[in-house]
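Novice: What follows is a structure written as structure tokens; I'll ask about it next.
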Amino acid sequence: MGGGSGSVLRLVGGGLLGAAIALAGGAAPAAAAPQEGPIRGEGEAGTIKDSYIVVLKPGVAATEGATRATKRLTSQYGGAVDEEYNDAVPGFSTKMPEQAAKRLAANASVAYVEQDRMVTLAETQTNPPSWGLDRLDQESLPLDKSYTPSTAASNVTVYMMDSGIRATHRDLIVRARSGYDFIDNHRDATDCHGHGTHVAGTIGGTTHGVAKGVSLIAVRVLNCQGSGSYSGVIKAIDWVTAQTARPAVVNMSLGGAASDAMDAAIRASTAAGITYVVSAGNAGSDACAYSPARAPETITVGATDATDTRANFSNYGACVDLFAPGVGITSTWIGSNTAVRVASGTSMASPHAAGAAALYLADNPSATPAQVRSALTSRALTGYVKNPGAGSPNRLLSVGIAAPAPAPKPKPTVTPKRCNVGSNGSNAKIPDGKRQVRSGIRIYRCAGNASRSTRIGVSIVHPRRGDLVIEIIAPDGKRTILKRYSSRDHTANIVGSYRADLSGSRRSGQWILIIKDIRRSNSGYIDSWSLTV
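Given below as structure tokens:
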């Protein structure tokens with residue numbers, strides 16, 4: 137993990153002169169070994185061999201652009217790009233030998249390199265019948281056999297970063313849909329494990345949910361066995377950050393060892409206005425040793441049982457914000473459109489808090505993530521959790537106790553739509569074999585020129601993305617290539633964004649996206665694209 141073994145010439149006092157004399161009087165020295173940098177998390181439990189997450193220095197992303205820097209660095213060090221990150225943390229994930237990764241880590245453009253690792257759901261177990269909803273709206277036990285939420289939260293979107301959702305389930309249908317599948321790299325995020333469907337039901341199920349009117353978006357990062365990679369989760373965070381639905385909550389009932397890259401991605405996404413609610417973890421140890429539980433911007437949730445006692449599996453400590461029901465929770469399952477299952481874990485506690493966050497945002501849609509976190513912790517019941525664990529706050533999630541009828545709300549302030557943003561959700565088939573398709577977005581009455589960092593978001597379905605060339609044409613006819621043909625890139629689909637300096641063109645007018653398929657035998661289509669100039 138340290139620096140290279142060769143000697144390094146240092147300009148200290150007369151050192152340079154001494155070196156020159158030695159060169160003149162003796163044999164030429166051996167070439168210095170390439171400089172190496174440390175790999176964060178190298179060799180730790182759960183790491184993935186020869187797979188790395190590369191975070192660029194902020195100045196590099198701002199001046200050169202993440203896409204161009206990624207191409208330069210992978211060309212220089214020989215890596216294959218898996219994912220590129222633009223909207224949460226600037227960088228990419230790559231596969232390359234360990235020595236190449238260490239040399240990459242020493243490059244002046246790189247903030248750090250972290251070894252990729254597995255992320256898993258907070259494991260579940262079968263337990264007695266559910267009681268969680270009943271506990272949320274009353275102060276003391278015993279349960280009163282009722283749950284009365286203050287709102288349905290139909291104006292809030294919750295992104296489910298999990299194993300997917302069975303969107304046809306009777307408790308979820310209409311309000312649940314697929315966002316993106318980062319396991320199989322397509323738009324169908326159907327659940328084949330069950331964990332994500334269970335979590336979704338607790339957040340927003342018609343029968344089992346805390347916030348019964350929320351829109352539920354499946355973002356699949358866990359496979360049919362309940363595991364995934366940190367690089368995939370970071371790409372999902374990047375994708376969610378680029379979405380425009382607000383107010384928004386992300387639930388992450390998953391985790392693993394501490395990760396600087398994941399924490400940085402969540403920090404940036406939170407700064408974009410998205411509230412993150414995460415499970416504390418099921419190791420029965422300090423949550424500060426795990427990501428995303430340790431990220432200070434998140435609402436980190438431990439689990440309690442029906443007696444308000446911390447579950448023996450629940451992580452604890454200063455990184456936990458509050459506790460919520462997480463033992464014996466009944467919710468939706470994938471066996472059929474009416475299936476339910478009883479499960480336990482901090483995975484079951486986190487969605488109770490995510491639902492509570494949605495309820496708060498429904499009434500306070502302009503609240504920041506920090507304000508949502510403060511609201512949930514200040515409204516929590518204090519002193520009720522038995523054996524909360526060393527360093528833990530003694531807070532139990534509450535959505536309000538016998539609250540009086542709210543005063544009439546003032547007329548909301550309407551935020552005018554920004555003139556420099558446009559989107560096109562119409563599908564457009566990409567013809568095969570060196571032919572092209574055009575798709576347009578018109579920007580109306582928007583003064584000034586485009587940005588030096590214009591964002592072009594794309595969702596393109598194609599079995600081999602390396603075959604595609606992508607260009608954008610400004611209203612004045614200037615053409616800019618966003619993506620070139622690559623014979624080595626056999627990955628399917630393109631979901632993400634490009635940045636380009638289009639400041640030489642005016643904002644207003646018709647912008648044209650052009651997709652050209654260079655090779656024959658494969659075809660696809662533009663699913664949607666967006667433009668922020």
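Residue numbers (this note's numbering): 137 to 669.
The beta-carbon is built from N, C-alpha and C at its ideal position, and this holds for glycine as well.
1) Helix, strand or coil: how does DSSP classify ARG581 here?
2) Going by beta carbon distance, what residues of the same chain come within less than 7 angstroms of VAL456, once the five residues before and after it are set aside?
3) Helix or strand or just coil, what does DSSP make of ASP653?
4) So, is TYR412 buried or exposed, given that buried needs 16 or more other C-beta atoms within 10 angstroms?
5) Check this for me: beta carbons of GLY593 and ALA378, under 8 angstroms apart or not?
6) Per DSSP, what are the beta-bridge partners of GLY660 in this structure?
7) List the DSSP bridge partners of LEU458.
8) Closest to ALA460 by C-alpha separation, out of THR474, GLY481, SER657, SER472, would be which residue?
9) If you check the beta carbons only, do GLY368 and GLY332 fall under 8 angstroms apart?
10) Between ALA503 and LEU497, how many whole angstroms is the CB-CB distance? I'm expecting something under 8 angstroms.
11) Could you say if the region 572-581 and the region 349-366 meet the contact criterion of at least three C-beta pairs nearer than 8 angstroms?
12) Candidates VAL346, ASP218, ALA241, ALA454: which alpha carbon is nearest LYS231's?
13) Output the distance between the C-alpha atoms of SER421 and SER623, rounded to the nearest integer angstrom.
14) Could you tell me which of ILE465, ALA636, ASP327 sits nearest to LEU269, measuring between CA atoms?
15) Do the region 171-179 and the region 195-215 meet, that is, are 3 or more Cβ pairs less than 8 angstroms apart?
16) Do the region 592-606 and the region 651-667 make contact, defined as three or more Cβ pairs closer than 8 angstroms?
17) Kindly indicate which three-state DSSP category TYR295 falls into: helix, strand or coil?
18) What's the gap between the Cα of ILE353 and the Cα of GLY462?
19) For the region 173-231, list the beta strand (DSSP E) runs that are entirely contained and at least 3 residues long, ordered along the chain.
20) Return the chain-ordered list of same chain residues with a C-beta closer than 7 angstroms to the C-beta of THR256, the five sequence neighbours on each side being excluded.
21) Hey, how far is the Cα of ASN263 from the Cα of ASN473?
22) Touch check for the region 211-227 and the region 277-285: three-plus C-beta pairs under 8 angstroms?
23) Closest to SER587 by C-alpha separation, out of THR203, LEU667, GLU433, would be which residue?
24) For SER427, which residues does DSSP report across the bridge?
25) Specify the secondary structure class of LEU277 as computed by DSSP and reduced to three states.
Specialist: In brief:
1) In the structure shown, ARG581 sits in coil (DSSP, three-state: anything other than H, G, I, E or B).
2) Closer than 7 angstroms at the Cβ level, and outside the excluded window around VAL456, lie ALA416, ALA423, THR436, GLY438, SER528, PRO529.
3) Looking at ASP653 - three-state DSSP - the assignment turns out to be strand.
4) Burial call: buried.
5) Result yes, Cβ atoms of GLY593 and ALA378 sit closer than 8 angstroms.
6) Paired residues: ILE566.
7) VAL437, per the DSSP bridge assignment.
8) Considering only alpha carbons, the answer is GLY481.
9) Not closer than 8 angstroms, so no.
10) The beta carbons of ALA503 and LEU497 sit about 6 angstroms from each other, so the pair counts as a contact at 8 angstroms.
11) No: the two stretches stay apart, fewer than three of their Cβ pairs being nearer than 8 angstroms.
12) For LYS231, the closest of VAL346, ASP218, ALA241, ALA454 by C-alpha to C-alpha distance is ASP218.
13) Each residue's alpha carbon lies about 48 angstroms from the other.
14) Here the closest residue by C-alpha is ILE465.
15) With a cut-off of 8 angstroms, the region 195-215 and the region 171-179 do not count as touching, because too few Cβ pairs lie within range.
16) Yes: the two stretches touch, three or more of their Cβ pairs being nearer than 8 angstroms.
17) Looking at TYR295 - three-state DSSP - the assignment turns out to be strand.
18) So the alpha carbons of these two residues sit roughly 22 angstroms apart.
19) Fully enclosed beta strand (DSSP E) runs of 3 or longer: 183-192, 216-221, 227-231.
20) Within the same chain, THR256 has close Cβ partners GLY362, SER363, LEU390, GLY392.
21) Reliability of the predicted coordinates at ASN263 is poor, the pLDDT of 33 falling under 50, and no value is obtained from them.
22) No, the region 211-227 does not touch the region 277-285.
23) Out of THR203, LEU667, GLU433, the CA that lies nearest to the CA of SER587 is found in LEU667.
24) Paired residue(s): GLY392.
25) DSSP places LEU277 outside both helix and strand once states are collapsed to three, so it counts as coil.
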